[in-house]
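When we follow the numbering used here, the leftmost residue of the sequence shown carries the number 21, and every step to the right adds one.
Cβ coordinates follow ideal geometry from the N, Cα and C atoms, glycine included.
This report concerns only the one structure given below.
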Amino acid sequence: MATQDTLQGGDITNVTTSYPDYESDTQTFSDFLKEHTILRVVKDDEMDDSDSDNDEEGGAGNNRPRRLYEPVAEEGLNVERVPCYPPLLQKIKNRAYDDDHQATFLLEIPLRELVAWDSVRGADLADRAIANTMRYQTLFGQVIDRYLDSLSQTEARNQNGFLRDTEDVLHEQRMEQQARQNDFLQQQQNPNENIDLQVGGVAAEQAEGTNNNNQDQATTMFPPILLRKYELRILPLERKGKLFPFVRQYIAKSNSHATQIANQSGVSLRHVRAKSLGRLVTITGMVVRATDVKPYCQVATYSCDDCGAELYQVLNGQREFMPQRHCPNCAQQNRRKSKFNTLHLQTRGSKFTKFQELKLQELPSQVPMGHVPRSLSVYCRGELTRLANPGDVITVDGVFLPQKVTEGGYRSSRNAGLMATLFLEAQHLELHKKSFDESLLDHLSEAESEQIDRDIQMVATSEDPIGILAASIAPEIFGHENIKRALLLQLTGGVTRKLEDGMKIRGDINICLMGDPGVAKSQLLKHVSSIAPRGVYTTGKGSSGVGLTAAVTKNTVTGELSLEGGALVLADQGICAIDEFDKMDETDRTAIHEVMEQQTVSIAKAGIVATLNARTAVLAAANPLYSRYNRSKSLSENINLPNSLLSRFDLMFLILDTPDVDKDMALARHVTFVHQNEGLEEKKDDDDDDEDNSGDESMAEAITSDYDETKGTVSPRLLREHVARARRHEPTVPREVAPYVVEAYVSLRMQDRPRRGGARQSQSFGTNANGGKSGDQTAMTARQLLSILRLSQSLARLRFSDFVAREDVDEAIRLTHMSKASLEDEGTSMDGSKGKKREDIMSRVFHIIRDYATTSNCTFVELKLAEAMVLRKGFTVQHLQSCLEEYEALEIIQVNSARTQIHFVSN
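Written out as structure tokens, the structure reads:
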């Protein structure tokens, strides 16, 4: 405690200011290491081994205590209380590595364990450690070093004794040499002076560079960091340990603090202010750049050619340092300074660690409208390197610190007026889910998880689960039922096959939306990119080739070249929505060819040759070249896209703005209804507010609103969870369905076969024998066969099935037909003749059934066969049912009582 007198209004006020008592904190942390215990779950094999050991030793007369289990709420779970840190510290002392390639131990200090150990002393120490993390990390390291010195090795690792490497022998010789030198100096200068050589004492504290006066100078004090075989990490209160001894730690589900840990997430970069300097903060963002892993010097060791002394320079987070030139030991012995450099850096005697710099950027959802995303450098050291790649969404626990800008030289002009930059010293790094493969239930409470399970069960057991999920995609947009179904299948995706020879068959589905302006193409793209966990939205005109694939950037400080991923790389295992796809330059568009089929990005720039993963589903939107679609020209002429690129899309939909009284009336009513009820956005905000409440009633209301039975839609959260569970299945095509797929593909190829009468000649003039335009990607190709298989696998996933059924193949063929039908000219009839108005849906369905009966010379048709034919032509089961009801009312057909056969009534 310190007392300070201040003058306020003529009166002297006694103000008491408390300063940290580091000696008391050192004792508190030392007691914590020795006394703290945790609850650990006991496996069944450990129970069996312990019981057998107790039986054998009991017969021999050994009184070994049995396991004492703690009472817990979960039945059938055995939990015991064990010491927390002594077993880990003993492993560090014994060098008991888990594998032969391990060179260091990881020691986590979750601050929540300090609070659990002592709610008073531990909580105070945790608060001070959060406010001044780097200082207390040094203090914790000194306590751990003293504790390790008090231990003795109890386990031999090789035949020669305990595990020792060349560094241990070198350090032992240094310690002996320094002890002899200190004894010699003590006899010459002051025989009564005591010099503390214990690791972790005052000398160790000065050797580590905590004294600011000697921070950049080399000293003869042996720094204890040279002997450390562990990395110390301090975790915030909301984070629990994940390594030993916290691997099987038991945390009660009823614990509110455990629920808070499960829901813990980082803040945006905008919320990190100047008051956070030196504090432990948690930030969530996206990695946009990652440098190569390089060695970082922690301790620089020098040897003097004049006096033979060894000096050590501890670098506390400095990326650049000036090597020492003159020996301070020679100056103390009143020797003249040499004109030449007497100190030489000993690389083998120094200590290096791995270092990597990440560029963290705000998530698109965290950036306000009209603002530029902020970025921050994150320094990763040791085992925290190589954990994140460009495009990953991560949550970083680290210390927010300033760094002095390099002074002098040509770099000072670049940073004129800037004294320091800010960075984050990483303590813990956690990757967020990269795709739908991970469930969201880990971040929800038990009640919310159970309610979501019930909602998913209700959706899965409904009459049309795919229709409910498809209607939940952009529900404020009217119509586009088939397009929304296709977008739902794109979110689910097919199964990526990796063959034995290394060949990969992509499972992602690419979709292209083309059409007139004002048909909500951009709205669909933005909604899908917001639903996908790794969705990136960009425009073709505002994106260059390197902006979509990857770019080689140069660091302004170090001058190093690094690889920075573009939009397609950042959307790895997600969806990349590209708007204004037709406005891209031809040179930029060629970079997408490799991504859409091989799903990789090959880079050979500035000496960097690399292949990056771009396993993304491309959702593109293009406008016609002449502002509106010209039906007298072909598709490729209207959109101005090459056929080699159009063939890589699994589905292509042409959306035309044609006047229709019924459709226009329904659209106008839907738009006015949305504006009258203030849309779905207000309800979504209310749901978010309800989720923050702790009451059971409000929580129940927020959960039940995830599935609205009256409207037949689900919330985006429930849609993500449903798709996440569907992607866990990897359906295959069974043997009984494979011939059906082959037959369907061959029949579709036969429909596209040119008719007699000079097909080649007609194609050369721009139209084929079927009446369509030549060069349009409406013909059935081998890529379309793979597209049908991918769509079928996606439909099987949505049914939570591991096998593809015939219904899935029929629905996939129907979507392919609808995609082709939308690309055909609306003035062309089904038989290819022009000038006739298209028949209505009911008549076309009836003609399909009647033509089959006439060809087969039968008076009846099986209902299942009729349904398969109708679905294969691109219609739905509802269309068939409506057709049967209409023509049955006209007494043209009759359906038997079992609803299995369709009979034609003879005149």
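Run through DSSP, which three-state label would G161 get? helix
Going along the chain, which residues of its own chain have a beta-carbon closer than 8 Å to the beta-carbon of R101, five neighbours each way excluded? T57, I58, L59, R60, L88 and E90
Under 8 Å by Cβ, that's how I've got Q510 and I531 pegged, so tell me the actual separation to the nearest angstrom. 6 Å
Given a cut-off of 9 Å on the beta-carbon distance, is the pair L246 and K371 in contact? yes
Report the rounded CA-to-CA distance for S433 versus Q376, giving the unit in angstroms. The predicted position of S433 is uncertain, since its pLDDT is 48 and thus under 50; no value can be drawn from it.
Exposed unless 16 or more other CB atoms sit within 10 angstroms - verdict on N877: exposed
Within its chain, find whatever has a CB closer than 6 Å to the CB of A540; leave out the 5 residues flanking it on each side and keep chain order. I497
Give me the Cβ distance between D475 and Y727, rounded to the nearest whole Å; I'm assuming they're in contact under 8 Å. 4 Å
If you follow the alpha helix (DSSP H) that L109 is part of, which residue opens it and which one closes it? P106 to N114
Would D822 count as contacting chain D if we go by Cβ distances under 9 Å? Structure shown: chain D not included; a single protein chain is present.
I'd like to know if the stretch 316-336 and the stretch 240-255 are in contact, where contact means that at least 3 CB-CB pairs between them fall below 8 Å. yes
Does the contact criterion of 3 or more C-beta pairs under 8 Å hold for the stretch 866-881 versus the stretch 808-828? no
Helix, strand or coil at Y907 according to DSSP, with G and I counted as helix: helix
Check whether the Cβ atoms of V398 and L378 lie closer than 9 Å to each other. yes
Identify which residue in E192, D412, T124 and E470 has its Cα closest to the Cα of E741. E470
Grab the span of the beta strand (DSSP E) containing D599 for me, first residue to last. I595 to D599
Looking at G527: is its Cβ nearer than 9 Å to the Cβ of V515? yes
Write down every uninterrupted run of the alpha helix (DSSP H) in the stretch 862-902 whose length is 4 residues or greater and which is fully enclosed by it, in chain order. 883-892
Boundaries (first-last residue) of the beta strand (DSSP E) holding G298: That residue, G298, is in no beta strand (DSSP E); it is neither H nor E in DSSP.
Here's a check: name, in chain order, each residue in its chain whose Cβ is nearer than 6 Å to the Cβ of M672, leaving out the five neighbours to either side. C532 and S839
Backbone CA spacing between F823 and V757 [nearest angstrom]: 9 Å
How many Å lie between D169 and H547 at the Cα? 60 Å
Looking at the secondary structure, which residues open and close the beta strand (DSSP E) in which L448 lies? At residue 448 the sequence reads His, which differs from the Leu that was named. From DSSP, the beta strand (DSSP E) with H448 extends over A440 to L451.
Helix, strand or coil, according to DSSP, for F341 in the structure here? coil
Using the DSSP secondary-structure output, state which residues sit across from D417 in a beta bridge. T302 and H448
Is the separation between the beta-carbon of V642 and that of D602 shorter than 9 Å? With the sequence shown as reference, residue 642 is identified as Ala, and Val is not the correct amino acid for it. Yes, these two residues count as a Cβ contact at 9 Å.
Kindly indicate which three-state DSSP category L639 falls into: helix, strand or coil? strand
Cβ neighbours of A888 in the same chain (closer than 8 Å, five flanking residues each side left out): R826 and D830
For F880, I'd like the list of residues in its chain whose CB is within less than 8 Å of its CB, leaving aside the five on either flank, ordered along the chain. A873, Q921, I922, H923 and F924
Write down the C-beta distance between P130 and G261 rounded to the nearest angstrom, noting that I regard them as a contact closer than 8 Å. 5 Å
Out of curiosity, what's the CA-to-CA distance linking K653 and S664? 19 Å
Just curious, the alpha helix (DSSP H) that V743 is in, first and last residue? P736 to A746
Name the DSSP beta bridge partners of R60, please? E100 and Q269
What do you reckon, are the CB atoms on G560 and D592 nearer than 9 Å? no
Looking at V419 and V734, is the spacing between their C-beta atoms short of 9 Å? no
Going straight from the alpha carbon of I659 to that of I503, what length do you get? 19 Å
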